[in-house]
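Peer 1:
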Amino acid sequence: ERDQQGYASTNGLLAVVNGLKSLPGRKTVVFFSEGLAIPPNVQAQFRSVIANANRANVSVYAMDAGGLRAESMNEETRKEMMQAAQRRMRQVQSGRDNAADGIMTRALERNEDLLRLNPESGLGQLANETGGFLIHDTNDAASAFRRIEEDMRFHYLLGYSPSNESYDGKFRAISVKVTRPGVQVQTRQGYFAVRAVESAPLRSYEAPAIAQLDAATKPHAFPLESVALSFPTAKQPGLVPVLVKVPGSAVTYELDKQDKSANRVHQADLTVVARVKNDAGHEVDRLSQHYLLSAAADKLDAARRGDILFYRLADLPPGHYTVEAVAWDAQGKKGSVTTAPLDVPASQDGKPRLSSVVLVGRAEKVSAAEAQSDSPLMYGETLIYPNMGEPYRKSVSPAVGFFFAVYGVKDATTPAKATIEVYRGDQGPASMRAPCPFRVSRPAPTR
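Reminder that position 184 of the sequence shown reads as 339 in the working numbering, one-by-one numbering, no gaps.
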């Protein structure tokens with residue numbers, strides 16, 4: 156619940172900032188809130204809000220909707236922390252240690268939320284690092300808006316060309332100083348060194364990964380496999396599942412320094428980004444996931460033997476695309492890049508539509524509830540995992556499975572007829588030819 160509240164606020168701010176980026180000049184957002192609680196899991200998203208606001212030239216002015224408070228939140232936090240400490244001391248003295256039952260954890264989380272909810276914390280950081288300021292401890296809204304109006308009307312726009320021309324994805328701090336005494340300078344704090352992004356707001360965890368995509372020499376520190384498929388459903392003729400597989404052995408796990416237990420936890424930080432480019436080389440979509448992985452010491456070998464499978468859906472207009480995928484291991488400072496071609500065919504009225512032909516890697520039976528998913532890779536109660544380039548071995552897999560979907564013509568009265576032909580190599584006659592049955596008036600496609 157704490158994370159959901161944090162994501163709700165940051166996602167809303169990202170949407171507002173992204174909607175303003177196409178407008179020229181400096182833009183202003185006045186954000187009313189009684190406090191912005193940002194749990195640790197939402198910190199990266201919060202940094203993304205600040206980074207995208209700076210790239211879009213948006214200044215956020217935060218206004219504490221609580222107005223003039225009878226007691227400061229710092230004092231309230233101090234009292235609660237003292238009470239928690241006293242409860243803990245009484246538990247230890249009485250021989251009852253309830254830390255494991257979650258009571259102590261919830262108390263610590265409450266204190267953390269109070270500290271972050273303080274308007275001078277989250278709201279102040281958001282405003283200060285985007286060139287705005289925080290208005291708090293006042294009920295005079297008219298005076299507050301006059302300050303914002305003055306700040307909007309009178310400002311300097313400075314630009315420079317950095318001496319470091321490398322797009323390495325790192326955050327570069329900016330400092331502006333003036334010689335005139337008694338002046339308070341409000342500026343953005345810095346920027347991420349990546350090329351201009353086009354399709355979606357840049358999230359802070361994406362920056363180092365995107366830098367690998369834009370590098371002159373693409374890295375390949377570990378095996379990386381990807382595939383992009385076309386499944387032209389009736390509602391989404393441009394539906395494209397994108398899958399990227401990262402071997403667990405490629406990820407760097409480090410000891411959690413705060414964990415002092417016997418079975419110490421190891422943590423890993425992995426980012427996967429899939430960037431879709433059109434024929435002109437422009438980014439038309441970007442899909443990503445930030446994986447914060449953890450494994451206890453006795454589970455570490457199993458985690459390294461497994462794979463991390465990235466799965467996202469894109470919706471694209473007809474055309475030819477290139478899907479660039481990158482996996483970035485933040486702790487190991489290493490990454491790999493791979494590319495895959497993609498064609499999204501235009502639909503033709505009166506003709507059936509065919510999905511990509513998928514070589515089956517493996518299949519997994521799922522529960523009845525999971526089978527209700529709209530995933531194009533679901534067949535009944537079986538989830539299909541595509542083969543993403545692994546070689547087939549006859550000793551292990553004596554048969555090779557194919558999977559595809561045929562989307563019939565709407566309101567067809569007679570079944571269509573088709574034939575499946577399998578060729579071995581690029582030349583020669585078909586090694587197998589068989590009829591493909593279709594059904595009429597079936598809501599789901601034939602697979």
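Backbone N, C-alpha and C fix where the C-beta goes; we use that ideal spot for every residue, glycine too. Every value quoted in this text rests on a predicted model; they were computed, and no experiment measured them.
Just tell me which of Gly-556, Leu-379 and Asp-498 has its CA closest to the CA of Met-392.
Peer 2: Met is not the amino acid found at residue 392; the sequence shown has Pro there. The shortest Cα separation from Pro-392 among Gly-556, Leu-379 and Asp-498 belongs to Asp-498.
Peer 1: Mind checking which residues open and close the alpha helix (DSSP H) that includes Arg-301?
Peer 2: Per DSSP, Arg-301 belongs to the alpha helix (DSSP H) from 296-308.
Peer 1: Under 8 Å: do the region 205-216 and the region 351-359 share three or more Cβ pairs, one atom per stretch?
Peer 2: These segments touch.
Peer 1: Thinking just about the alpha-carbon of each residue, which of Val-171, Gly-161, Gly-556 and Gly-174 is nearest to the one in Val-197?
Peer 2: Of the listed residues, the one whose Cα sits closest to Val-197 is Gly-161.
Peer 1: On the DSSP bridge assignment, give the partners of Ile-290 in chain order.
Peer 2: Answer by DSSP bridge pairing, in chain order: Met-218.
Peer 1: Exposed or buried, which one is His-475 when buried takes at least 16 other CB atoms within 10 Å?
Peer 2: Exposed, by the Cβ-count rule.
Peer 1: Compute the distance between the beta-carbons of Leu-278 and His-291, then report whether it is under 9 Å.
Peer 2: Yes, the pair counts as a contact, with Cβ atoms nearer than the cut-off.
Peer 1: Pull up the DSSP beta-bridge partners for Gln-422, would you.
Peer 2: Paired residue(s): Glu-409 and Ser-449.
Peer 1: Taking one C-beta from the region 465-482 and one from the region 508-523 each time, how about it: are there three or more such pairs within less than 8 Å?
Peer 2: Flag = no, the region 465-482 and the region 508-523 do not touch.
Peer 1: Report the rounded CA-to-CA distance for Pro-541 versus Ala-458, giving the unit in angstroms.
Peer 2: Their Cα atoms are separated by approximately 21 Å.
Peer 1: Is the region 400-412 touching the region 462-469, taking contact as three or more C-beta pairs under 8 Å?
Peer 2: Contact between the region 400-412 and the region 462-469 is present, because at least three Cβ pairs lie under 8 Å.
Peer 1: In the structure shown, what three-state DSSP assignment does Arg-202 receive?
Peer 2: The answer is helix: DSSP assigns Arg-202 an H, G or I state.
Peer 1: Starting from Ile-329, trace the alpha helix (DSSP H) in both directions and tell me its first and last residue.
Peer 2: Per DSSP, Ile-329 belongs to no alpha helix (DSSP H) and is neither H nor E.
Peer 1: Thr-426: buried (16+ other C-beta within 10 angstroms of its C-beta) or exposed?
Peer 2: When all chains shown are included, Thr-426 counts as buried.
Peer 1: Tell me which residue opens and which closes the beta strand (DSSP E) that Gly-345 is part of.
Peer 2: Start and end: 345-347.
Peer 1: So, with DSSP's three-state summary, where would you put Glu-525?
Peer 2: Here Glu-525 sits in helix by DSSP.
Peer 1: Going by DSSP in three states, Ile-365 sits in which element: helix, strand or coil?
Peer 2: Reduced to three states, the DSSP call for Ile-365 is helix.
Peer 1: If you compare alpha carbons, which of Val-555, Ala-573 and Leu-538 is closest to Pro-546?
Peer 2: Of the listed residues, the one whose Cα sits closest to Pro-546 is Val-555.
Peer 1: For Arg-441, I'd like the list of residues in its chain whose CB is within less than 6 Å of its CB, leaving aside the five on either flank, ordered along the chain.
Peer 2: Closer than 6 Å at Cβ, skipping near neighbours: Ser-354, Ala-355 and Arg-430.
Peer 1: For Val-427, name the three-state secondary structure that DSSP assigns.
Peer 2: Strand.
Peer 1: With DSSP run on the structure shown, which of helix, strand or coil describes Pro-195?
Peer 2: Looking at Pro-195 - three-state DSSP - the assignment turns out to be helix.
Peer 1: Give the range of the beta strand (DSSP E) segment to which Asp-462 is assigned.
Peer 2: Unbroken beta strand (DSSP E) run through Asp-462: 462-470.
Peer 1: Are the region 373-393 and the region 476-490 in contact at 8 Å, needing three or more beta carbon pairs?
Peer 2: Flag = yes, the region 373-393 and the region 476-490 touch.
Peer 1: If you follow the beta strand (DSSP E) that Leu-281 is in, where does it begin and where does it stop?
Peer 2: Taken as a continuous stretch (DSSP letters only), Leu-281 belongs to no beta strand (DSSP E), being part of the alpha helix (DSSP H) at 277-283.
Peer 1: Quick one: using the 10 Å Cβ neighbour count with 16 as the cut-off for buried, is Gln-339 buried or exposed?
Peer 2: The residue is exposed, with fewer than 16 neighbouring Cβ atoms inside 10 Å.
Peer 1: Counting only the same chain and skipping the five closest in sequence on each side, list residues whose C-beta sits under 8 Å from that of Ala-389.
Peer 2: The answer, listed in chain order, is Tyr-562 and Lys-565.
Peer 1: By the three-class DSSP mapping on this structure, what secondary structure does Pro-590 have?
Peer 2: Pro-590 falls in the strand class under three-state DSSP.
Peer 1: Do Ser-491 and the ligand SAH come close, with the Cβ less than 8 Å from some heavy atom?
Peer 2: You won't find the ligand SAH in this model; it holds no ligand whatsoever.
Peer 1: What are the start and end residues of the beta strand (DSSP E) that includes Phe-187?
Peer 2: Its beta strand (DSSP E) spans residues 182-188.
Peer 1: Can you list, in chain order, the residues of its chain with a C-beta nearer than 6 Å to that of Lys-325? Leave out the 5 residues immediately preceding and following it.
Peer 2: So the qualifying residues of the chain are Ala-348.
Peer 1: Output the distance between the C-alpha atoms of Pro-317 and Pro-396, rounded to the nearest integer angstrom.
Peer 2: In a straight line, the C-alpha of Pro-317 is about 39 Å away from that of Pro-396.
Peer 1: Can you list, in chain order, the residues of its chain with a C-beta nearer than 6 Å to that of Leu-168? Leave out the 5 residues immediately preceding and following it.
Peer 2: Same-chain partners within the cutoff: Val-204.
Peer 1: Check whether the Cβ atoms of Ala-206 and Tyr-346 lie closer than 9 Å to each other.
Peer 2: The answer is yes: Cβ separation under 9 Å.
Peer 1: DSSP three-state call for Ser-596: helix, strand or coil?
Peer 2: Confidence is the limiting factor: at Ser-596 the pLDDT is only 43, short of 50, which leaves the residue's position unreliable, though a coordinate-based value still follows. Of the three classes helix, strand and coil, the one that applies to Ser-596 here is coil, per DSSP.
Peer 1: State buried or exposed for Glu-380, treating a residue as buried only when at least 16 other CB atoms are found within 10 Å of its CB.
Peer 2: The residue in question, Glu-380, is buried, as its Cβ has 16 or more Cβ neighbours within 10 Å.
Peer 1: When the distance is taken between beta carbons, is Asp-219 closer than 9 Å to Pro-194?
Peer 2: Result no, Cβ atoms of Pro-194 and Asp-219 do not sit closer than 9 Å.
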